[in-house]
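Student: Got a structure here, written out as structure tokens. Questions coming.
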Amino acid sequence: SGIYGDHLKQKRSGMVRILFQNPQGLGNLTSGSHSHSVKINKLKDTLLKHNVDIVGFAETNKDWRGLPQQETLWACTEGWFEHRRMTTCINEHSPVVSEVQFGGILLMAMNRIAHSIITIEQDFRKLG
């Protein structure tokens with residue numbers, strides 16, 4: 218059936234829905250209506266359809282330092298939600314060679330939950 222993990226049911230009032238996945242890379246993040254990867258389009262559909270509050274990804278495979286602003290996930294998700302907060306971590310000891318860096322994580326909170334975040338911090342060891 219294509220479902221891995223729990224089959225998501227209708228979200229009840231007061232419930233916080235958290236989604237975590239290893240997408241094995243996010244693909245193309247270029248801003249524009251038809252330029253996103255299949256994974257990004259599926260992500261948008263899933264987050265909106267299931268009213269997800271917090272999403273976490275392992276292995277984003279992006280070196281966020283090497284991407285132009287219009288190719289970041291922040292730019293890519295503009296307009297998806299009323300509010301959002303996100304943080305990413307990568308191995309900062311590795312030099313910027315391209316937009317690809319294997320590994321990395323991303324955490325994003327959307328809408329009401331985004332306002333509950335007090336602070337966003339980074340990995341002090343800079344290992345991602």
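Heads up: the sequence shown runs through residues 218 to 345, numbered per our numbering.
C-beta atoms are modelled at their ideal positions from N, C-alpha and C, and glycine is treated no differently.
1. Quick one: residues in its chain with C-beta nearer than 8 Å to the C-beta of L284, no 5 flanking neighbours on either side, listed in chain order?
2. Go ahead and pull the three-state DSSP assignment for R229.
3. Excluding the five sequence neighbours on either side, which residues of its own chain have a C-beta within less than 6 Å of the C-beta of T304, listed in chain order?
4. With C-beta atoms as the reference, is G354 less than 9 Å away from N258?
5. Taking R282 as the reference, give the member of I235, C306, R229 and I330 with the closest Cα.
6. Whole angstroms are fine: how far does the CA of S230 sit from the CA of N239?
7. Around the C-beta of Q318, are 16 or more other C-beta atoms found within 10 angstroms, so that it is buried, or is it exposed?
8. Can you check DSSP and say which residues form a bridge with R302?
9. Since I believe E276 is in contact with G222 (beta carbons under 8 Å), could you give me their beta-carbon distance rounded to a whole number of angstroms?
10. Taking the DSSP output, what are the residues bridged to Q241?
Tutor: In brief:
1. Within the sequence shown, the letter at position 67 stands for residue 284. So the qualifying residues of the chain are L246 and E316.
2. Position 12 of the sequence shown holds residue 229. For R229, the secondary structure class from DSSP, reduced to helix, strand or coil, is coil.
3. Translated into the one-based positions of the sequence shown, residue 304 becomes position 87. The residues are L324 and I337.
4. With the chain running from 218 to 345 in the structure shown, residue 354 is simply not present.
5. Taking the first residue of the sequence shown as position 1, residue 282 is located at position 65. Considering only I235, C306, R229 and I330, the residue with the shortest C-alpha distance to R282 is C306.
6. Walking along the sequence shown from the start, residue 239 turns up at place 22. Walking along the sequence shown from the start, residue 230 turns up at place 13. Going by the C-alpha atoms only, they are around 28 Å apart.
7. In the sequence shown, residue 318 corresponds to position 101, counting from 1. It is buried - the Cβ of Q318 has at least 16 other Cβ atoms within 10 Å.
8. Start at 1 with the first residue of the sequence shown, and residue 302 comes out as number 85. For R302, which the question treats as bridged, DSSP gives the partners A326.
9. Within the sequence shown, residue 222 is the residue found at index 5, counting from 1. Within the sequence shown, residue 276 is the residue found at index 59, counting from 1. Cβ-Cβ separation between G222 and E276: approximately 17 Å, too far for a contact (criterion under 8 Å).
10. Sequence index remark: in the sequence shown, residue 241 carries index 24 (1-based). Per DSSP, none; premise fails for Q241.
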